[in-house]
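Student: Dropping a structure here in structure tokens format, bear with me for questions.
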Ligand code: GLN
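Residue numbers (my numbering): 104 to 587.
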């Protein structure tokens with residue numbers, strides 16, 4: 104069953120080939136068997152999953168099942184899940200049991216999904232390798248000495264090893280697309296405002312967006328349809344009809360204009376990755392697409408801008424973790440200031456502290472204009488580059504990450520090196536655009552991802568473009584040997 108895509112599993116449930124309980128047990132067994140090696144889950148909710156699966160089977164027996172009723176999935180541990188630990192990968196929230204469900208969790212449950220558990224992640228979603236998690240690093244299923252990418256590394260690894268048929272993630276600067284690329288799965292980060300952020304623990308509010316990991320674009324279409332939509336509890340959620348992402352998957356790509364930004368193929372890109380990405384683009388030509396060279400001239404400013412904006416917003420968002428309202432509190436504080444200082448000092452890891460310090464500095468009186476305001480102005484230039492590009496092309500393609508997965512420990516002492524793993528993904532968040540990563544090959548046994556960037560609200564078109572490639576190729580169906 105684990106070799107089937109979510110769409111195939113939905114059909115299997117519908118045709119009575121297996122029950123939701125059997126399916127859920129199958130994945131729980133795989134988690135038990137393999138997750139010791141991967142560390143992709145922080146919490147496994149076996150009991151509640153079995154209950155939910157039984158309830159789904161009962162609904163089906165009564166003829167009340169929907170398309171997604173009884174399908175298992177995992178949630179990134181950044182989404183609040185009522186009655187279940189929601190740690191955000193941090194010691195700070197190791198003792199935190201969420202009192203409510205995030206909108207994404209609620210909507211997906213209502214659509215029929217059965218939650219298997221909560222996946223490991225970089226602490227507060229800050230990282231590109233899953234090494235900053237309080238719960239230890241996640242391993243890449245294709246090579247256990249390598250990182251799965253981050254920050255949604257647990258979700259990507261779990262789907263790649265088929266410990267879950269699908270998972271949610273969040274993407275602030277690349278945290279869905281980069282781990283999807285490094286683990287060889289399909290990932291989608293929607294337009295900012297498409298998916299509610301309510302109940303999703305905030306990192307950088309103007310950049311964060313929930314999204315999905317699946318085995319295929321078709322799976323991502325099913326998943327997105329169940330989680331997207333307006334939410335009055337999120338002031339940046341946009342009131343716009345959710346499309347039927349399934350119905351356009353087969354549309355023709357005849358005449359599709361693909362833009363290749365020269366900045367995404369410049370120095371710093373691994374030769375093997377470049378070769379696989381070009382091969383995928385050539386395949387699109389055979390499907391009737393036409394290729395155009397374009398330029399996104401401010402690309403090199405994306406990382407510096409992001410590393411002002413994201414830390415600034417995180418320093419503000421993370422001020423709520425003060426030892427009073429939720430999470431870790433130090434032992435025997437001598438006074439209020441001592442409690443704040445020690446609770447935060449003990450609760451947060453090094454990368455989170457680094458970001459809080461950078462952000463607090465950037466926002467302080469006298470520096471706000473020089474850093475935060477300036478960064479926001481440059482951010483506008485980056486958006487304008489995309490707007491100009493989308494006057495000429497329908498979709499932008501390039502590598503998702505500059506190299507395949509790197510070794511655990513290889514970049515953990517060098518924050519700048521680590522930050523550069525997102526050079527091709529960050530600008531998309533700064534502009535609020537949708538983006539995907541799909542597997543298009545391997546270099547030395549490690550997966551390579553192709554990034555697809557669309558204009559605002561073009562999720563259906565992106566899924567269609569990804570799906571057409573996947574109909575002709577099988578990169579997305581390959582599984583790491585050890586987990587077959
Ligand atoms: N790797 C980037 C960072 O560390 C992006 C993380 C994310 O998208 N959550 O901030």
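Glycine included, every Cβ here is placed at the ideal spot set by N, Cα and C.
#1: Sort 216, 136 and 179 by Cα distance to residue 171 and report the nearest one.
#2: Per DSSP, residue 220 forms a beta bridge with which residues?
#3: Taking all protein chains shown into account, decide if residue 416 is buried (16 or more other Cβ within 10 angstroms of its Cβ) or exposed.
#4: How about residue 355: is its Cβ closer than 6 angstroms to a heavy atom in ligand 1?
#5: Give the straight-line distance between the Cα atoms of residue 349 and residue 431, rounded to the nearest whole angstrom.
#6: Please name the residue, chosen from 297, 510 and 354, that lies closest to residue 206 on a Cα-to-Cα basis.
#7: In angstroms with no decimal places, state the Cα-to-Cα distance between residue 580 and residue 507.
#8: Where residue 413 and residue 125 are concerned, what is the direct C-alpha to C-alpha distance, given to the nearest angstrom?
#9: Within its chain, find whatever has a CB closer than 7 angstroms to the CB of residue 409; leave out the 5 residues flanking it on each side and keep chain order.
#10: Would you give the residue range spanned by the alpha helix (DSSP H) that residue 269 belongs to?
#11: What does the alpha-carbon distance come out to for the pair residue 264 and residue 477?
#12: Under the rule that 16 or more other beta-carbon atoms within 10 Å means buried, what is residue 344, buried or exposed?
#13: Under 6 angstroms: does the beta carbon of residue 515 sit that close to some heavy atom of ligand 1?
#14: Tell me the residue span of the beta strand (DSSP E) that contains residue 544.
#15: Tell me, please, whether the CB atom of residue 352 is closer than 7 angstroms to any CB atom in chain D?
#16: Is there contact between the stretch 229-240 and the stretch 254-261, where contact requires at least three CB pairs shorter than 8 angstroms?
#17: Answer yes if the stretch 194-205 comes into contact with the stretch 112-130, meaning at least three C-beta pairs across the two stretches below 8 angstroms, and no otherwise.
#18: Using CA atoms only, rank isn't needed, just tell me which of 182, 546 and 553 is closest to residue 363.
#19: Give a yes or no on contact between the stretch 532-548 and the stretch 279-294, applying the rule of three or more CB pairs nearer than 8 angstroms.
#20: If contacts are defined as beta-carbon pairs under 8 angstroms, then residue 116 and residue 173 qualify, I think. What distance do you get, rounded to the angstrom?
#21: Going by the beta-carbon positions, is the gap between residue 340 and residue 260 smaller than 7 angstroms?
#22: For the structure I just gave you, are there three or more beta carbon pairs, one from the stretch 544-561 and one from the stretch 488-507, closer than 8 angstroms?
#23: Is it buried or exposed, residue 437, if we count other Cβ atoms within 10 angstroms and call 16 or more buried?
#24: Using DSSP with H/G/I as helix, E/B as strand and the rest coil, what is residue 389?
#25: Would you list the one or two residues that DSSP bridges to residue 249?
#26: Give me the Cα-Cα distance between residue 589 and residue 481, rounded to the nearest whole angstrom.
#27: For the beta strand (DSSP E) containing residue 289, list its first residue and its last residue.
#28: Does the beta-carbon distance from residue 442 to residue 426 come in below 7 angstroms?
#29: With three or more C-beta pairs closer than 8 angstroms as the rule, is the stretch 556-563 touching the stretch 384-400?
#30: Check for me: the beta strand (DSSP E) holding residue 557 runs from which residue to which?
#31: What did DSSP end up calling residue 225 once you bin it into helix, strand or coil?
#32: Beta carbon of residue 127: closer than 6 angstroms to some heavy atom of ligand 1?
#33: Just checking residue 525 against ligand 1 - is the residue's beta carbon closer than 6 angstroms to any of the ligand's heavy atoms?
#34: Just to confirm my understanding: we take residue 360, look at its own chain, exclude 5 residues before and 5 after, and list those with CB closer than 8 angstroms. What are they?
#35: Taking the straight line between their C-alpha atoms, what separation do you get for residue 375 and residue 368?
#36: Residue 168 by DSSP, collapsed to three states: which one?
Tutor: Concretely, from the data shown:
#1: 216
#2: Residue 220 is bridged to 147 and 177.
#3: buried
#4: no
#5: 44 angstroms
#6: For residue 206, the nearest C-alpha among the options comes from 297.
#7: For residue 580 and residue 507, the gap between their C-alpha atoms comes out near 18 angstroms.
#8: 43 angstroms
#9: Result list for residue 409: 276, 529 and 533, in chain order.
#10: Note, residue 269: premise wrong, no alpha helix (DSSP H); beta strand (DSSP E) at 269-273.
#11: 43 angstroms
#12: exposed
#13: no
#14: 538-546
#15: Considering every chain present, this structure includes no chain D. It has just one protein chain.
#16: yes
#17: no
#18: 553
#19: yes
#20: 5 angstroms
#21: no
#22: In short, these stretches touch, since the Cβ pair count reaches three.
#23: exposed
#24: In this structure, DSSP gives residue 389 a helical state, which the three-state scheme calls helix.
#25: 510
#26: What is shown of the chain runs 104 to 587, which leaves residue 589 out entirely.
#27: Segment 289-292, the beta strand (DSSP E) holding residue 289.
#28: Their beta carbons are under 7 angstroms apart, which means residue 442 touches residue 426 by this criterion.
#29: Between the stretch 384-400 and the stretch 556-563 there are fewer than three inter-stretch CB-CB distances shorter than 8 angstroms, so the stretches are not counted as touching.
#30: 549-557
#31: coil
#32: no
#33: Indeed, a heavy atom of ligand 1 lies less than 6 angstroms from the Cβ.
#34: 392, 393, 395, 495, 496, 497 and 498
#35: 12 angstroms
#36: DSSP places residue 168 outside both helix and strand once states are collapsed to three, so it counts as coil.
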